[in-house]
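The structure appears below as structure tokens.
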Amino acid sequence: MTELRDSGVMIQLAHQAMLKMGLDVDAVFARLGVTPELLADRNIRTPHEAQLIFWHVLEEVSRDADIGLHLGEHMPVYKGQVLQYLFLSSPTFGEGLKRALNYQRLLSDASQASTGIEDDQAYILVESASDRVAGLRHLNECMALGLIRFFRYVTDDAFVPSCVHFSHEKPADSTEHERIFACPVLFEQEDNRIYFNTQLLDLPSSHAEPELLQLHEKLAIEHVAKLERQDIVTRVYKVFGEILETGQVSLEDVAERLGIKSRTLRTRLAEAGTNFNQLLADYRCNLAKRLLSGTDESIDEIVYLTGFSEPSTFYRAFKRWTSQTPVEYRNQRKQS
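Residue numbers for the sequence shown follow this note's numbering, so the first one is 3 and each next one is one higher.
As structure tokens, this is what we get:
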């Protein structure tokens, strides 16, 4: 099974919100292992289950029992992405919502949002494909607020929630929920939902443009196809982690583990813009860097963990990757 991942834009928006709130961002990111390179990479995707660690660390550092709410309150509105363009160029809010849900994977592999109508109210229901993350209070509250603020933006402030449902337990004090959502908020419900007036579904978009809509939909399809091609890379990396220490890592070994033919694996990697040898080198290089900078493992042990049979082979490869010996790299990292 492919690991569920979230778009890196989410951590980047959270970063801006933390700065605005005056939180100790360096302390949070040091504990999470988030680097400046990750924050600058618009194509990065982070493990969905890392949400568990992120919110735990953020609550500890901020000492804020309502950190999900407050981060969502200060987070910039999601802009400059193809989902925003789909909304704006669609003829109505309802049409934009329907189209965006077709491409929700661009935000998260774990996102399972859907819409419906109950009595005279429309709703959007948001679930997680991960049982471990599904009940995470801070994430659910931050996401709900992020969606509401985005909907307000694309409707020129016409979107107003009529009620919000959360599946998690009611906090000891829900005063902040009432202030921030400005509508009834119910807890311990069957699922997470945002209710709104059905008339909003027919609200015309002031930016509707049929030709641009066609272009934006084509772009969304291309982005999803790119993610699907990248899935094979994630699966190969997972196999590397399972068998690298054996030293027996070949395209044939990995293909067998994945249950596909070697030729098929080679073709799918080529479609993803890479090849087996490059992936193996990248994985070994990144693993060696992490072990050298973040652990006290001996060089001999790192040689074994990265799947090399001889120290000399490892030294030559590492020098080729970084223009430094492993010892030079470790000493430099300890000094910085």
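No residue lacks a Cβ here, since even glycine has one placed at the ideal position from N, Cα and C.
In the assembly as shown, L21 is an exposed residue. Its beta-carbon has fewer than 16 other beta-carbons within 10 Å. Contact check for G96 and L203: beta-carbon distance about 3 Å, within the 8 Å limit, so the pair qualifies.
DSSP places H17 inside the alpha helix (DSSP H), whose first and last residues are V11 to M23. DSSP, read as helix, strand or coil, puts L188 in strand.
Excluding its 5 nearest sequence neighbours in each direction, L271 has C-beta neighbours in its own chain below 8 Å: I234, V235, V238, N277, F278 and L281, listed in chain order. Between V162 and H50, the beta carbon gap of about 30 Å keeps them out of contact (Cβ cut-off 8 Å). By the 16-neighbour rule on beta-carbons within 10 angstroms, D302 is exposed. Fewer than three beta-carbon pairs drawn from the segment 70 to 81 and the segment 39 to 48 are found closer than 8 Å, and the two stretches are therefore not classed as touching. Its chain contains Y285, R286, L289, L307, T308 and G309 as the residues whose beta carbon lies nearer than 8 Å to that of L246, once the 5 sequence neighbours on both sides are disregarded; these appear in chain order.
Contact between the segment 120 to 140 and the segment 163 to 178 is present, with at least three C-beta pairs closer than 8 Å. Residue state for N104 is assigned as coil, using DSSP reduced to three classes. With a cutoff of 9 Å on beta-carbon distance, S116 and V156 are scored as not near each other. Non-local C-beta neighbours of H225 in its own chain, meaning closer than 8 Å and more than five positions away in sequence, comprise V84, Y105 and L108, ordered along the chain.
Counting C-beta atoms within 10 angstroms of its own C-beta, D8 has 16 or more neighbours from the protein chains shown and is therefore classed as buried. One thing to note: E180 has its Cβ no nearer than 9 Å to the Cβ of D68. The secondary-structure analysis by DSSP pairs H167 across a beta bridge with L188 and R195. The three-state secondary structure of T327, taken from DSSP, is coil. For Q53, the enclosing alpha helix (DSSP H) stretches over residues A52 to S64. Inter-residue distance for Q18 and E75 is about 12 Å (C-alpha atoms, whole angstroms). Spanning the alpha carbons of T297 and K321 requires a straight line of approximately 19 Å.
Judged by DSSP in its simplified three-state form, E219 adopts helix. Fully enclosed alpha helix (DSSP H) runs of no fewer than 4 residues occupy 84 to 91, 95 to 103, 133 to 136 and 139 to 156 of the segment 74 to 160, in order along the chain. For the pair H170 and E192, the CB atoms are not nearer than the 9 Å cut-off. Here L294 has I304, P328, Y331, R332 and R335 as same chain residues with Cβ atoms under 8 Å from its own Cβ, once five neighbours each way along the sequence are excluded. When DSSP states are grouped into helix, strand and coil, T48 belongs to the strand group. Boundaries of the alpha helix (DSSP H) around L253: L253 to L260. Between L138 and L73, the alpha-carbon positions lie close to 15 Å from each other. Contact between S110 and H218 is absent: CB atoms are separated by about 20 Å, not below the 8 Å threshold.
A direct Cα-Cα distance of roughly 6 Å separates A274 from Q232. The alpha-carbon of T266 is positioned some 37 Å away from that of G98. Note: R7 is bridge-paired with P49 in the DSSP secondary-structure output.
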